[in-house]
Amino acid sequence: MNATTPAVVFEPGEGLTLREVSVREPRTGELAVEIRAAGVCHSDLHILNGDWPEDRPLVLGHEAAGIVTAVGDGVDLEPGDHVVLSWFAPCGRCDRCASGKAWLCTGTRAVENVLPDGGTAFRSDGEELWPFLGLGAFTGSVIVPRSAAVKVASELPFEVGALLGCAVTTGVGAAVNTAQVRPGETAVVIGCGGVGLATVMGLRLAGAGTVVAVDLSAERRAAAERFGATVTLDGATVDVPAWCQEHLGGADYAFEAVGSPRLIEQLPSMIRSGGAAVVVGMPPIGAKVQLDAFELADQGKRILGCNYGSSVAAIDIPRLADLFLAGRLPLDELVGTTRPLAEAQLAFDELKAGIGLRGILVP
Ligand SMILES: NC(=O)c1ccc[n+]([C@@H]2O[C@H](COP(=O)([O-])OP(=O)(O)OC[C@H]3O[C@@H](n4cnc5c(N)ncnc54)[C@H](O)[C@@H]3O)[C@@H](O)[C@H]2O)c1
Ligand SMILES: [Zn+2]
Ligand SMILES: [Zn+2]
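Each residue of the sequence shown is one higher than the one before, starting from 28 at the first, in our numbering.
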């Protein structure tokens, strides 16, 4: 593939730029995927705003779906297959993978923003550009390892497939895998972006009782109600811990889906004894929080970290896609405005301002 295609690139010192990139052919164990839709996640914004420092140019985008166009040796997919890309391509060899916990893989190199061999398939004007989370999906075509591609039914809309790549699998998984919420249990979700709204959907799927959704945006709170929240609160005006204690005696679960250390610190005071605080939002690297250690021990309160919704992409993504296709998970209603790559800045501005639902970029 020597043709070039536009890409949304983070340039150190410059921020967001649009560059023409070329993508090499797939090698052994890799495949080429033509991107059809890519969601705009706050994790891309963490790169742009310096929360997660990066000194190399990165092709952004890590929540995407598309069509296989070519495969390298040893790849059991075919051109024409529809796939969702998974940003945490597991190595399949480490002890975490062997114990069925692919979301904790210690062998993946995706988090270094490289392919498994440590390299990149992207070039631009003779310079190497690196794939954010091993994908770099805000462009026309990507090279990914086999473990980063999950085959899905061709009737699955690409926008829905894209959201399955990150927000939905993370959010639904936070409720059903990480917290393992049971019917009738109560929960509060702080932050109703793509991840928080998917958490609300996951809570409905799990049969949760009272589900309290908190956001600063009235539009996002209204969406949370459509997805199953039974109560919504304005985080700017309501003392959420006090509300949870007064009305619920503390929730069974409190999910943070913003990435704010200040909000994460408040989680234990939202839950009851024996309850769990679930940290889904990703703060800036190195952020520290202060927790009341006596309270945690005395009241048996738990803190659960949640990477990728504690999901095994190869298993959970097809299951969630099937639930959507069966009409049991309204993932299409989470899809916001679809824009061309050239309007990426606008999509990020809206993400920052909490306007609309999950923005989608298409090449
Ligand atoms: N754990 C994981 O594997 C994983 C996966 C994907 C994303 N994330 C992280 O999850 C976080 C959320 O991602 P997203 O894409 O949904 O972000 P988003 O920007 O779409 O949503 C964040 C929401 O939080 C709301 N918010 C901000 N401040 C608030 C406050 N004080 N009280 C209540 N609500 C508030 C915003 O209005 C917005 O609706 C990010 O930190 C992202 O990096 C984690
Ligand atoms: Zn993401
Ligand atoms: Zn592994």
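Yeah, the Cβ is synthetic: ideal placement off N, Cα and C, and Gly gets one too.
V60 and A194 have their alpha carbons spaced roughly 20 Å apart.
Listed in chain order, the non-local C-beta contacts of E292 below 8 Å within the same chain comprise V316, Q317 and L318, local neighbours out to five positions each way being set aside. Residue range H109 to L112 is occupied by the beta strand (DSSP E) that includes H109. Within the region 59–120, the complete beta strand (DSSP E) segments of 3 residues or longer fall at 91–98 and 109–112, listed in chain order. Beta-carbon to beta-carbon, W114 and H89 are separated by about 4 Å, close enough to satisfy the 8 Å threshold. At least one heavy atom of ligand 1 sits closer than 7 Å to the Cβ of M309. According to the DSSP assignment, K379 belongs to the alpha helix (DSSP H) that extends over A371 to A380. Here K328 is buried: its Cβ has 16 or more other Cβ atoms, across all protein chains shown, within 10 Å. In the DSSP annotation of this structure, V36 is not part of any alpha helix (DSSP H); the continuous beta strand (DSSP E) holding it starts and ends at T31 to E38. In the pairwise beta carbon analysis, the region 211–219 is classified as touching the region 284–302: at least three pairs are separated by under 8 Å.
N140 counts as buried, since no fewer than 16 other beta carbons sit within 10 angstroms of its beta carbon. Per DSSP, reduced to three states, the secondary structure at L350 is helical. For D82, the CB contacts under 6 Å within the same chain, skipping 5 residues up- and downstream, are P39 in chain order. Contact check for W79 and I342: beta-carbon distance about 28 Å, past the 8 Å limit, so the pair fails to qualify. Of the heavy atoms belonging to ligand 1, none sits nearer than 7 Å to the Cβ of D103. Remark: the shortest separation between the CB of V86 and any heavy atom of ligand 1 does not fall under 7 Å. Classified as exposed, G211 has fewer than 16 neighbouring CB atoms from the shown chains inside 10 Å of its CB. Taking a contact to require three or more Cβ pairs closer than 8 Å, the region 260–275 and the region 195–210 do not qualify as touching.
Here L191 is near I344, since their CB atoms are less than 8 Å apart.
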